[in-house]
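Counted the way the working numbering counts, the sequence shown spans residues 1 to 323.
Have a look at the structure below before the remarks.
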Amino acid sequence: MEKRPHLDILLCAPRGFCAGVDRAIQIVELALQKYGAPVYVRHAIVHNKYVVEGLKAKGAVFVEELEEIPDTEAPVVFSAHGVPKSVPAAARTRNMFFLDATCPLVSKVHVEASRHFEEGHEIVLIGHAGHPEVIGTMGQLPPGAVTLIETVADAHKFSPRDPDALAFVTQTTLSVDDTREIVAALRSRFPAINGPHKEDICYATTNRQEAIKAVAPRVDAMIVVGSPHSSNSQRLVEVALRSGCRVATLVDRASDIDWTLYGDLTSLGVSAGASAPESLVEEVIDAFAARYAVQVETVTTAEEHIAFNIPKVLRNLEVASGR
Numbered sequence: 001m002e003k004r005p006h007l008d009i010l011l012c013a014p015r016g017f018c019a020g021v022d023r024a025i026q027i028v029e030l031a032l033q034k035y036g037a038p039v040y041v042r043h044a045i046v047h048n049k050y051v052v053e054g055l056k057a058k059g060a061v062f063v064e065e066l067e068e069i070p071d072t073e074a075p076v077v078f079s080a081h082g083v084p085k086s087v088p089a090a091a092r093t094r095n096m097f098f099l100d101a102t103c104p105l106v107s108k109v110h111v112e113a114s115r116h117f118e119e120g121h122e123i124v125l126i127g128h129a130g131h132p133e134v135i136g137t138m139g140q141l142p143p144g145a146v147t148l149i150e151t152v153a154d155a156h157k158f159s160p161r162d163p164d165a166l167a168f169v170t171q172t173t174l175s176v177d178d179t180r181e182i183v184a185a186l187r188s189r190f191p192a193i194n195g196p197h198k199e200d201i202c203y204a205t206t207n208r209q210e211a212i213k214a215v216a217p218r219v220d221a222m223i224v225v226g227s228p229h230s231s232n233s234q235r236l237v238e239v240a241l242r243s244g245c246r247v248a249t250l251v252d253r254a255s256d257i258d259w260t261l262y263g264d265l266t267s268l269g270v271s272a273g274a275s276a277p278e279s280l281v282e283e284v285i286d287a288f289a290a291r292y293a294v295q296v297e298t299v300t301t302a303e304e305h306i307a308f309n310i311p312k313v314l315r316n317l318e319v320a321s322g323r
């Protein structure tokens, strides 16, 4: 039998599910448990197709807009990314019973943007066009109240109505380093700009990027388990490349691995985006273990003990389900 080459796998910690993702999935599962199928979910509850498929199998029905949902007494869940104010307003008009699974850290950004608007500030949102979180945050305020800035170049081109009445908020899943550069560009041009009391980029995004930074310079290649639709997962790949790793790729699961990238590999870093289940990480490690004699070491850069409350209507079930 041919001897398998040795491979050191450095497993990033923290990785995978964050508290906001875990809460959102719980809300759908507990709603199914309490009310039965169907439970309608507006947009993918989190950006991972295996999570979505698993919930579909239990009776969740995913739609992009409320118009796709028939008149029903079944629960409607809003995704973890948040929604514009027009969505719950439309749900109330139709007397829908809805459960809001918006991550509390996204809700914090919504509150900040609204507070700045009420104080008369023009709002700058640092984020990616078309991302559901950005659509939801911009949709908290009237059209034209928020300007989206995606790059440092955008920050240099931006022309406010009043440079002394500006405030910025950010998408929670951005690259910490990229965002810092954009904020620095804005502050250099508009010293009076107001920022968040506490950084908007969420603890989980920051922690996962810091773990990648610790591992990437030590390995020949990095794999991030996560969806191509997941902003935080894409940022992890970018951080790995920027931190000195020559090869860094995003894979949905083991079957997506491009083995041509890993010839005489001796060390591999593995992480996962905040919406990727741990079972898919294990699947990737098992796939390498079938080809290499692997030794796994966990590299821990932070401990996470955050948990978010679920809606009151589901809390008794949370205890009963043992979650």
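For every residue, glycine included, the Cβ atom is placed at its ideal position computed from N, Cα and C.
Between phenylalanine 288 and valine 294 the beta-carbon gap is near 6 Å, inside 8 Å, which marks them as a contact.
Looking only at Lys213, Phe62 and Glu65, the smallest Cα-Cα distance to threonine 300 is reached by Lys213. With a cutoff of 8 Å on beta-carbon distance, alanine 272 and valine 247 are scored as not near each other. Secondary structure within the stretch 216-277: the alpha helix (DSSP H) runs of 4 or more consecutive residues, fully enclosed, are 231-242 (chain order). For threonine 151, the CB contacts under 8 Å within the same chain, skipping 5 residues up- and downstream, are Ile182 in chain order. Shortest Cα-Cα distance from serine 255 to any of Gly226, Thr266 and Val237 involves Gly226. Where aspartate 8 is concerned, the enclosing beta strand (DSSP E) starts and stops at 6-13. Excluding the 5 residues flanking it on each side, valine 284 has same chain C-beta neighbours closer than 8 Å at Ile223, Val225, Val251, Arg253, Ala254, Ile257 and Val270, in chain order.
Counting every other CB atom within 10 Å of its CB across the protein chains shown gives glutamate 122 a total of 16 or more, marking it as buried. The continuous beta strand (DSSP E) containing aspartate 100 extends over residues 98-100. Around the beta carbon of phenylalanine 168, 16 or more other beta carbons lie within 10 angstroms, which makes this residue buried. Taking the Cα positions, threonine 266 is about 50 Å away from leucine 66. One thing to note: valine 21 has its Cβ no nearer than 8 Å to the Cβ of arginine 42. Ranked by Cα distance from leucine 314, the first of Arg4, Val28 and His81 is Val28. Of the residues Pro196, Thr206 and Lys56, the one whose Cα lies closest to the Cα of histidine 116 is Pro196. Put simply, of Glu73, Tyr40 and Ala307 the residue whose alpha carbon is nearest the alpha carbon of alanine 60 is Tyr40. Check the Cα spacing between asparagine 207 and each of Arg187, Ala184, Ala192 and Thr173: the tightest is with Thr173.
Counting other Cβ atoms within 10 Å of its Cβ, isoleucine 306 stays below 16 and is therefore classed as exposed.
Under the three-state reduction of DSSP output, alanine 60 falls in the strand class.
Here the alpha carbons of glycine 139 and proline 311 stand approximately 23 Å from one another. Comparing alpha carbon positions, the residue from Glu73, Pro84 and Pro104 closest to methionine 96 is Glu73. The criterion of a C-beta distance shorter than 8 Å is satisfied by valine 124 and leucine 186. Following the DSSP letters along the chain, one finds tyrosine 40 inside the beta strand (DSSP E) bounded by residues 39-42. Residue state for phenylalanine 190 is assigned as coil, using DSSP reduced to three classes.
Boundaries of the beta strand (DSSP E) harbouring leucine 125: 122-126, taken from the DSSP string. Residue pairing by DSSP places valine 284 in no beta bridge whatsoever. Selection Ile45, Ala13, His229 and Arg15 evaluated against isoleucine 25 yields Ile45 as nearest (Cα-Cα).
Within 10 angstroms of the beta-carbon of threonine 260 lie fewer than 16 other beta-carbons, which makes it exposed. Runs of the beta strand (DSSP E) lying entirely within the stretch 73-153, each at least 3 residues long, are 76-78, 98-100, 122-126 and 146-149 in chain order. By the neighbour-count criterion, in which a residue is buried when 16 or more other Cβ atoms sit within 10 angstroms of its Cβ, alanine 184 is exposed. Collapsing the DSSP output to three states places alanine 290 in coil. With respect to the C-alpha of lysine 34, the residue from Leu99, Gly120, Pro14 and Ser233 having the closest C-alpha is Leu99.
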